[in-house]
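Novice:
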Amino acid sequence: MSRNRVSFDLAERLDNAPTPKLTVSLLKRIFSFLTPYTPYLVASFSVIVVSAGLGVAPSLLTGAIIDKGLLAGDFALLCQLVLLSLLLLVVSSGLGLLEGWLSANIAQGVTCDMKNKMYAHLQTMPHRFFTDTKQGEILTRMTEDISGVRSVITQTLASTLRNVSTIVITLVALYRTNWVLATAGVVLLPLFLLPTRLAGKRRWTIAREIQKKRDESNQMLNETLSVSGQLLVKLFGRENDEARKYREINGEIRRLSVTETLTGRLFMSTIQLFSSFSPQLLYLLGGVLMLKAPVGPAVTVGEISTIVSLMTRLHRPVDDLLNIHVDITRSLALFERLFAYYDMVPDITDRENAVSVGRLQGQVTYDRVSFGYRPDAPVLKDVSFRVEPGRSYAFVGSSGAGKSTLITLLPRLYDVTGGTISIDGVDIRDMTLASLRRNIGLVSQDTYLFNGTIAENLRYAKPEATDEELAEACKKAHIHDFITSLPQGYHTVVGNRGLRLSGGEKQRLSIARVILKDPPILLLDEATSALDSISESHIQAAIKPLLKSRTSLVVAHRLSTVVASDRILVVDGGGIAASGTHSQLLECSPLYKELFETQFTVPGKEHDHGTTDPSCDGRAA
Ligand SMILES: Nc1ncnc2c1ncn2[C@@H]1O[C@H](COP(=O)(O)OP(=O)(O)OP(=O)(O)O)[C@@H](O)[C@H]1O
Ligand SMILES: [Mg+2]
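Be aware that the sequence shown starts at 86, since it is given in our numbering, and climbs by one per residue.
1) Within 10 Å of its beta-carbon, does Gln-165 have 16 or more other beta-carbons around it, so buried, or fewer, so exposed?
2) Okay, do the segment 568 to 583 and the segment 535 to 542 touch, 3+ Cβ pairs below 8 Å being the bar?
3) I'd like to know whether the C-beta atoms of Ala-192 and Arg-235 end up nearer to each other than 9 Å.
4) Throw me the rounded Cβ distance for the Ser-477 and Tyr-451 pair, which I believe falls under 8 Å.
5) Ordered along the chain, which non-local residues of its own chain (more than five positions away) have a Cβ less than 7 Å from that of Ser-595?
6) Pick out whichever of Leu-351, Glu-301 and Thr-344 has its Cα sitting closest to the Cα of Arg-332.
7) Give the single residue among Glu-324, Leu-423 and Ile-295 whose Cα lies nearest to the Cα of Thr-344.
8) Using a Cβ-Cβ cutoff of less than 7 Å, which residues in the same chain neighbour Leu-259 once the five nearest sequence positions on both sides are dropped?
9) Which residues in the same chain as Thr-517 place their Cβ atom closer than 6 Å to its Cβ, once the five residues preceding and following it in sequence are excluded?
10) If distances are taken between C-alpha atoms only, which option among Ile-338, Pro-630, Leu-498 and Ala-641 comes closest to Ala-479?
11) Across the segment 245 to 262 and the segment 135 to 155, are there enough close Cβ pairs to call them in contact, namely three or more that are closer than 8 Å?
12) If you compare alpha carbons, which of Leu-465, Ala-663, Arg-598 and Met-203 is closest to Ala-550?
13) Do you know offhand how far Leu-406's Cα is from Ser-232's?
14) So, helix, strand or coil for Lys-106, using DSSP?
15) Using alpha carbons as the reference points, say which of Lys-200, Lys-629 and Gly-475 lies closest to Tyr-427.
16) Can you tell me whether Gln-530 sits near ligand 2, meaning its C-beta is under 8 Å from at least one heavy atom of the ligand?
17) Quick test of the definition: if touching needs 3 or more C-beta pairs under 8 Å, does the segment 368 to 385 touch the segment 239 to 248?
18) Could you check if Leu-122 is buried or exposed, using at least 16 other CB atoms within 10 Å of its CB as the buried criterion?
19) Grouping DSSP H, G and I as helix and E and B as strand, with all else coil, what is Ser-520?
20) Less than 7 Å between C-beta atoms, sequence neighbours within five positions excluded: which residues of the same chain meet that for Arg-704?
21) Evaluate the contact criterion for the segment 490 to 510 versus the segment 446 to 464: three or more CB pairs, one atom per stretch, below 8 Å.
22) Comparing the CB of Ser-489 with every heavy atom of ligand 2, is any distance shorter than 8 Å?
23) What did DSSP end up calling Tyr-499 once you bin it into helix, strand or coil?
24) Can you tell me where the beta strand (DSSP E) holding Val-430 begins and where it ends?
25) For Pro-211, write down the residues that DSSP places opposite it in a beta bridge.
26) Just to confirm before moving on: does the CB-CB distance between Ile-150 and Ser-170 stay below 9 Å?
27) Specify, as a first and last residue, the run of the beta strand (DSSP E) that Gly-660 falls within.
28) Kindly examine ligand 1 and report whether one of its heavy atoms sits closer than 8 Å to the Cβ of Gly-482.
29) For a minimum of 4 consecutive residues, which ranges assigned as the alpha helix (DSSP H) are wholly contained in the segment 467 to 498?
30) Per DSSP, Ala-137 is paired with what?
31) Leaving out the 5 sequence neighbours to the left and right, which residues in its chain are closer than 7 Å to Pro-431 when beta-carbon positions are compared?
32) If you compare alpha carbons, which of Thr-228, Glu-672, Leu-609 and Arg-350 is closest to Ala-284?
33) Would you call Glu-672 buried or exposed, if buried means 16 or more other Cβ atoms sit within 10 Å of its Cβ?
34) Please report how far the alpha carbon of Glu-682 lies from the alpha carbon of Leu-306, in whole angstroms.
35) Which term fits Thr-216, buried or exposed, when burial requires 16 or more other beta carbons within 10 angstroms of its beta carbon?
36) Going by C-alpha to C-alpha distance, which of Leu-156, Val-403 and Glu-229 sits closest to Leu-274?
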């Protein structure tokens, strides 16, 4: 069962994760997602390199325009060079467009593949994963993290290639133009880079603080504006406190954002200031070389202009490359988080020789079954019982005794840690999960409905069900009249998680859903919340046809259910403490008697048992 705890481990692993290391295998794995897009990649990279090459042309042409056109007085050549410049500009922007299209194709393709793969993978994860992992985390992995991959491809990867090509080609062009001035320009580079880096760092820190505050604000909105959260706020009268808290967070965001804008401006001005410093210094140096102290090759006006313009082209790529480690670290962390999710091994899967079973008879046997959510805290120990086909067994016990746990083992939401559960004599682990679960219907303690119409929710059990079948099932579940009384009937939208329906209505709907599925084995986990006697009798009437001719394991919280069952098992201390019929247990099990007196009372109904023998009060185990 150690693999069961994959999600705990994962959370720990990610929290304490050191800065990810770039390894060959990690790179290989990242690029494996790109492989299907190789033609696009090759095309995109070629376009980037050609674009970078074309990028230096205007600077070189400007030099030629000055020297060979303007200064040499060759008007025809001047016109030709200007025309060529214009043409190259058009080609460049065309290539830019093409590159955008190519990289969008790659990025969208990869993220789409990753999302599909992740969603399908998450569908195979066991129930435990979803109970143990924060919902927000799963959603973040599916949405933000995978979208992050898009910017890794379109930005980190593409811009690195673009920057490297630009730098190499620009340097070649610089040195071919005039090596003395080129060297001077390169030496002057840090003058521009240092101040911008300092301003950039400050800006980054503020951006991070803002992000943190935004997360806080989102978390708060999520919690306090959700249906249940709002209910809590109202019932505890915390409206003003929450509003004040929100004002505080929002005010902080405002303050930080103003600072960020200011720093941004400062950043831009620094860049502008220093980017104009270096041309001026180059003009000065060019002037010295040309007019005062000729060293190295002769310098022309056009060459000085070319060098200045090429140097300006270098600033951005060099600065970006110096920052690339931040992007790379972030990208690697992103991929590590995603890969950790892909690598989770679902531990409840089909065995190699699992058989796909047809419709089962429904003889359910628990043989010395043990189970615990964690190894150190067993919930069930050596539980054994057998339910013959078509019989109905009720499980009763105090809250937390393990009744729900006991029945969730049957559809293998969790696997037993000891003993076996078999149906019709076959270990459930030897059946395929799909065929096992086809044979079992579960009405759980808290009913879940998707936010769709009533009909859509019902058809979740049987997509091909006709309207008549839906009505038939709902009549059996005693909910048809209620549904038809709604203005939209079966097309009524049930709201978020079915919150527009009452607890009793939801439960009857979920009963109708299981009636549609028509499984030979039924698991019913009655809601613990007390219903009024009318709802109670509705539910009772709904349950009756459900139990008929099916093997049923019912966790009972209501007397009517208990009495209707063939046998009652009292769950206590991780095992079955007593079993028998209602009257037998009242006689022989003090625990049952106590449960009966405390749990099975319906509001508005008086049970005479509670008063006939007051001496039994509080004598239970
Ligand atoms: N997903 C889970 N992870 C860890 N522990 C759990 C989980 N679900 C239940 N437990 C624990 O297992 C024990 C048995 O819980 P279970 O839900 O089976 O009780 P129950 O008998 O159905 O109670 P109730 O009558 O209140 O529904 C409890 O101590 C509970 O805290
Ligand atoms: Mg329960």
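Virtual Cβ for every residue (Gly too), placed ideally from N, Cα, C.
Specialist: With the given structure in hand:
1) Looking at its Cβ environment, which holds fewer than 16 other Cβ atoms inside 10 Å, Gln-165 is exposed.
2) Yes: the two stretches touch, three or more of their Cβ pairs being nearer than 8 Å.
3) Yes, they are a contact pair.
4) Between Ser-477 and Tyr-451, the beta carbon gap of about 16 Å keeps them out of contact (Cβ cut-off 8 Å).
5) Excluding residues within five positions, the ones whose Cβ falls inside 7 Å are Val-528 and Thr-532.
6) When each option's Cα is compared against that of Arg-332, the closest is Glu-301.
7) Closest option to Thr-344, judged by alpha-carbon separation, among Glu-324, Leu-423 and Ile-295: Ile-295.
8) Contacts found: Ala-267, Gly-270, Ile-392 and Leu-395.
9) Result list for Thr-517: Asp-435, Ala-439 and Ser-441, in chain order.
10) Taking each of Ile-338, Pro-630, Leu-498 and Ala-641 in turn and checking the Cα distance to Ala-479, the smallest one comes out for Ala-641.
11) Cβ pair count under 8 Å is three or more, so yes.
12) Ranking the options by Cα distance to Ala-550, first place goes to Arg-598.
13) Near 23 Å, if we compare the C-alpha coordinates of Ser-232 and Leu-406.
14) Coil at Lys-106, not helix or strand.
15) It is Lys-200 whose Cα lies nearest to the Cα of Tyr-427.
16) Checking the Cβ of Gln-530 against ligand 2 gives yes.
17) Cβ pair count under 8 Å is below three, so no.
18) Inspection of the sequence shows that residue 122 is occupied by Tyr rather than by Leu. In this structure Tyr-122 is buried. Its beta-carbon is surrounded by 16 or more other beta-carbon atoms within 10 angstroms.
19) Three-state result, Ser-520: helix.
20) Its pLDDT being 27, under 50, Arg-704 is placed unreliably in this model, and the coordinates cannot settle the point.
21) A contact exists between the segment 490 to 510 and the segment 446 to 464.
22) Taking non-hydrogen atoms of ligand 2 into account, the C-beta of Ser-489 is found less than 8 Å away from one of them.
23) Coil.
24) Secondary structure note for Val-430: it is in no beta strand (DSSP E), with a DSSP letter that is neither H nor E.
25) For Pro-211, DSSP records no beta bridge to any residue.
26) Yes; because the gap between Cβ atoms is below 9 Å, this pair is in contact.
27) Looking at the DSSP string, the run of the beta strand (DSSP E) that includes Gly-660 is 660 to 665.
28) Yes, the beta carbon of Gly-482 sits closer than 8 Å to at least one heavy atom of ligand 1.
29) Uninterrupted alpha helix (DSSP H) stretches at least 4 residues long and entirely within the segment 467 to 498 occur at 488 to 493, given in chain order.
30) In the DSSP assignment, no residue is bridged to Ala-137.
31) Hits under 7 Å: Thr-209, Met-210 and Pro-211.
32) It is Arg-350 whose Cα lies nearest to the Cα of Ala-284.
33) Looking at its Cβ environment, which holds fewer than 16 other Cβ atoms inside 10 Å, Glu-672 is exposed.
34) Taking the straight line from one Cα to the other gives about 43 Å.
35) Exposed: under 16 other Cβ atoms inside 10 Å.
36) Ranking the options by Cα distance to Leu-274, first place goes to Val-403.
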